[in-house]
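Taking full-length UniProt numbering as reference, the numbering of the sequence shown is continuous, increasing by one, and the terminal residue is 296. From the three backbone atoms N, C-alpha and C, an ideal C-beta is built for every residue, glycine too. Keep in mind that this is a model prediction, so the values were computed, not measured. Encoded as structure tokens, the structure appears first; notes follow it.
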Amino acid sequence: MSPRDCRLAALVALIWGVNFLAIEWGLQDVPPLLFAAIRFCAVVVPAVFLVARPAVRWRTLAGIGLFMSAGQFGFVYAAMEAGLPPGIAALVLQAQVLFTIVIAAGVLRELPTPVQVLGVGVAAVGLAVVATGRGGAIPLAALLLCLAGALSWAVGNVIARAAKAPGGLGVTVWSALFVPVPLFAVSLLVEGPSGIAEGLAAFGWKAAASTAFTAGISSLLGYGIFNSLLARNPAHLVVPWVLLVPPVAMVAAWVAFGDRPNAAEALGGVVMLLGVLVALRPPARTRVVVPVEAPA
């Protein structure tokens with residue numbers, strides 16, 4: 001990755017770390033699946049009328065939207081509503097790094113170097129240290145929901161990388177067309193008509209501010225940058241940067257809510273940073289990898 005792409009990846013990690021606090025803030029008044037659907041309505045309108053459709057097949061856009069957006073955030077919002085704290089949600093979601101590298105290796109034949117595998121392993125140890133240090137009773141269902149969101153995100157990562165779409169913002173906006181309807185449908189089944197009505201009635205300025213950040217900054221800006229990075233670089237070079245999101249989320253929670261990290265959290269965050277640096281270390285020699293088109 002070029003120095004410019006590295007700076008962009010760091011910016012995405014900062015945005016997505018703060019994003020977990022914005023989600024938690026908005027979930028106080030609105031059911032999770034409904035809230036996620038509203039978020040992606042805000043992503044689509046009016047951006048879809050201002051951003052040109054990328055040169056990508058409709059079914060590719062549908063795959064990115066359903067997995068990277070609808071699946072990931074539907075599960076994550078539900079996990080946080082089920083009792084998963086923002087910092088832990090940011091942490092558990094990073095299982096997508098391992099999922100992405102494994103899927104990309106099998107589908108795209110983008111094989112990471114041994115050094116990069118070591119770096120991801122070190123970062124995973126850091127994640128485990130942070131998780132152990134948090135302590136407290138966390139519902140198993142919430143953890144499983146978040147892991148499902150991580151797997152869905154990983155599938156979306158590989159679809160986006162395989163498409164190599166020019167222009168990340170276009171992919172973000174046009175793939176979001178396939179997100180609100182499935183989320184509204186699941187919200188109707190799970191949260192019910194009364195839950196939707198009550199959520200819309202309770203949609204106040206906090207929910208509106210949260211939606212503005214999650215849709216405008218996290219989705220349009222963050223995913224626009226992230227998808228463009230995946231189009232220019234192998235997945236195993238881009239995705240490890242997302243391991244910076246949990247430390248950012250924990251520091252942001254400390255500043256905003258006074259949730260000060262303990263010694264284990266601080267140590268785990270440092271280990272994660274070390275893992276990212278190792279994973280992003282350039283290989284000693286250039287390897288030739290024959291790209292293989294993923295099935296459309």
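Tell me which residues share the same chain as Arg287 and place their Cβ nearer than 7 Å to its Cβ, disregarding the 5 neighbours each side in the sequence.
Confidence in Arg287 is poor, its pLDDT being 44 and thus under 50, which makes the residue's placement too unreliable to answer from.
By the three-class DSSP mapping on this structure, what secondary structure does Arg260 have?
coil
In chain order, what residues of the same chain have a beta carbon less than 6 Å from the beta carbon of Val289, not counting five sequence neighbours either side?
Residue placement at Val289 is flagged as unreliable, the pLDDT there being 41, under the threshold of 50; the coordinate-derived value follows with that caveat. Within the same chain, Val289 has no close Cβ partners at all.
Give the C-beta separation of Leu127 and Gln94 to the nearest angstrom, bearing in mind that I take them to be a contact with Cβ-Cβ under 8 Å.
6 Å
Would a C-beta distance cut-off of 8 Å place Phe184 and Leu66 closer than the cut-off?
no
Counting C-beta neighbours from all protein chains within 10 Å, is the total for Pro31 16 or more, i.e. buried, or is it exposed?
buried
For Cys146 and Val242, which I take to be in contact (beta-carbon distance under 8 Å), what is that distance rounded to the nearest angstrom?
Not quite, the Cβ-Cβ distance comes to about 14 Å (not below 8 Å), so this is no contact.
Near Phe20, what residues of its chain come up, given a Cβ to Cβ distance below 7 Å and the 5 sequence neighbours on each side ignored?
Pro86, Ala89, Ala90, Ala249
Tell me where the alpha helix (DSSP H) around Ala141 begins and ends.
140-163
Reduced DSSP secondary structure (H/G/I, E/B, other) of Asp29
coil
Per DSSP, what kind of secondary structure is Gln96 in: helix, strand or coil?
helix
When you compare only the Cα positions, how much space is there between Leu27 and Ala209?
12 Å
For Val155, which residues of its own chain have a beta-carbon under 6 Å away from its beta-carbon, when the five flanking residues on both sides are left out?
Phe67
Kindly indicate which three-state DSSP category Ala203 falls into: helix, strand or coil?
The sequence given here has Phe at residue 203, not Ala. Coil, per DSSP.
Please state the DSSP three-state secondary structure of Pro3.
helix
In terms of alpha-carbon separation, which member of Gly121, Ala37, Pro234 lies closest to Thr211?
Ala37
Helix, strand or coil, according to DSSP, for Asn233 in the structure here?
coil
Among Pro3, Ala10, Arg39, which residue has its Cα nearest to the Cα of Leu200?
Arg39
Contact under 8 Å by Cβ, Leu34 with Glu265:
no
Extent of the continuous alpha helix (DSSP H) to which residue 300 belongs
Any property of residue 300 remains undetermined from this structure, which presents the chain solely from 1 to 296.
Looking at C-beta atoms only, is the number of pairs between the segment 100-116 and the segment 55-65 that lie closer than 8 Å three or more?
no
Measure from the alpha carbon of Gly83 to the alpha carbon of each residue in Leu118, Leu143, Trp58, then state which is nearest.
Leu143
Using beta-carbon positions only, say whether Leu244 and Ala13 come within less than 8 Å of one another.
yes
Whole angstroms are fine: how far does the CA of Pro240 sit from the CA of Val56?
25 Å
Can you have a look at Phe257 and say buried or exposed, based on whether 16 or more other CB atoms are within 10 angstroms of its CB?
exposed
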